[in-house]
Amino acid sequence: MKDVKRELKETYDSIAPFFSMKRQFLWHPMESFLKEVSPCSILDLGCGTGRAMIAGIRLGSRMTGFDISGGQLDMAERNLHDAGLLDGYELVRGDLEDLPFPDETFDAVLMIASLHHIPTRKGRITALSEARRVLKDRGRLQVSVWSWDQDRFRERHMSLIRGERKPDGFDGPEPGDVFVPWNEGGRKMRFYHLYGHHELEEEVKEAGLILERAYFDRRNHWVECRR
């Protein structure tokens, strides 16, 4: 497989300004979760350009944004300043599979549209285990990932199930591994592992988390867990 993490970092660095324009509003499950847990200390894993951080700080939470892309973090800081938020947060660059925080640091963790960028089931379970490690006792975690059941992927999924030739665009060792272009020109590609039904639930349990809720919203699988 390609050097997925390096390519992902380079892609998100280069598209940061455009990505920020497309990610200005919270999805409803994120908003509800932040309202439930705030005020508290929250780690946003794969924070991107900071939309959840802005909402969390306004709810009284102390936010730590973590991302592999320095370009995304730079844009997050700009967006936070533009929102008049000059403190109440920290920005850290790194790898989801190796978090630089002590055990039991945070009251809550977000992993919104970030876990599915990690190649291999082992890597994703490692990332979930790291999220569990840095959660305080009874701390809460919300995760969202892309689903196989999106219309644009359904036919390729069925081809794989039927045992036909590996569909164009699939380039990984596991069913569901796909490279998706950022735009129609296809010059910037992003790796995703598309999740089947119950796959995310199985991974969080294997990582030692207590599953509290699982739901689906047409494009994404969501879970909410406790340490």
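Just so you know, this note's numbering puts 230 at position 34 of the sequence shown, and the rest follows in order with no gaps.
The C-beta atom is built at its ideal place from N, Cα and C for all residues, glycine as well.
Predicted model, so just to flag it, every value in this text is computed and none were measured.
Cβ neighbour criterion (16 or more within 10 Å) applied to residue 420
Buried, by the Cβ-count rule.
Tell me where the alpha helix (DSSP H) around residue 286 begins and ends.
Segment 285–289 is the beta strand (DSSP E) holding residue 286; no alpha helix (DSSP H) there.
Between which residues of its own chain and residue 385 is the CB-CB distance below 8 Å, once the five residues before and five after are set aside?
Excluding sequence positions up to five before and after residue 385, its CB lies within less than 8 Å of the CB of 203, 207, 375, 376, 377, 378, all in the same chain and listed in chain order.
Suppose you measure from the CA of residue 276 to the CA of residue 282; what does that come to, to the nearest Å?
So the alpha carbons of these two residues sit roughly 7 Å apart.
Would DSSP call residue 337 helix, strand or coil?
Strand at residue 337.
Keeping to the same chain, check which residues put their C-beta closer than 6 Å to that of residue 332; ignore five residues upstream and five downstream.
Only 300, 303 meet the Cβ criterion.
What is the rounded straight-line gap between the Cα of residue 316 and the Cα of residue 389?
Approximately 8 Å between the Cα atoms of the pair.
Determine the closest residue to residue 412 out of 341, 387, 373, with distance taken between C-alpha atoms.
When each option's Cα is compared against that of residue 412, the closest is 341.
Residue environment, residue 224, which counts as buried when at least 16 other CB atoms sit within 10 Å:
Under this definition residue 224 is an exposed residue.
Verify whether the separation of the beta carbon atoms of residue 287 and residue 247 is less than 8 Å.
No, these two residues do not count as a Cβ contact at 8 Å.
Using only the alpha-carbon positions, how far apart do residue 213 and residue 271 sit?
Between residue 213 and residue 271, the C-alpha separation is close to 7 Å.
Can at least three beta-carbon pairs, one atom from the region 395–405 and one from the region 323–330, be found at a separation below 8 Å?
Yes, the region 395–405 is in contact with the region 323–330.
Can you tell which of 239, 404, 267, 226 has the C-alpha that lies nearest to the C-alpha of residue 461?
With the chain represented from 197 up to 423, any question about residue 461 goes unanswered, as that position is not in the structure.
Nearest to residue 278 (by Cα), restricted to the options 249, 257, 338:
For the residues 249, 257, 338, the minimum Cα distance to residue 278 belongs to 249.
Within the same chain, show all residues whose beta-carbon is closer than 6 Å to that of residue 364, passing over the 5 residues directly before and after it, in chain order.
For residue 364, the pLDDT reaches just 45, beneath the cut-off of 50, and the residue's location in the model is therefore unreliable, although a value from the coordinates is still provided. Within the same chain, residue 364 has no close Cβ partners at all.
Under a Cβ-count criterion, where at least 16 other Cβ atoms within 10 Å of its own Cβ denotes burial, should residue 261 be classed as buried or exposed?
Residue 261 sits buried, since 16 or more C-beta atoms from the chains shown fall within 10 Å of its C-beta.
Just to confirm the assignment, what range does the alpha helix (DSSP H) spanning residue 224 have?
First-last of the alpha helix (DSSP H) with residue 224: 224–233.
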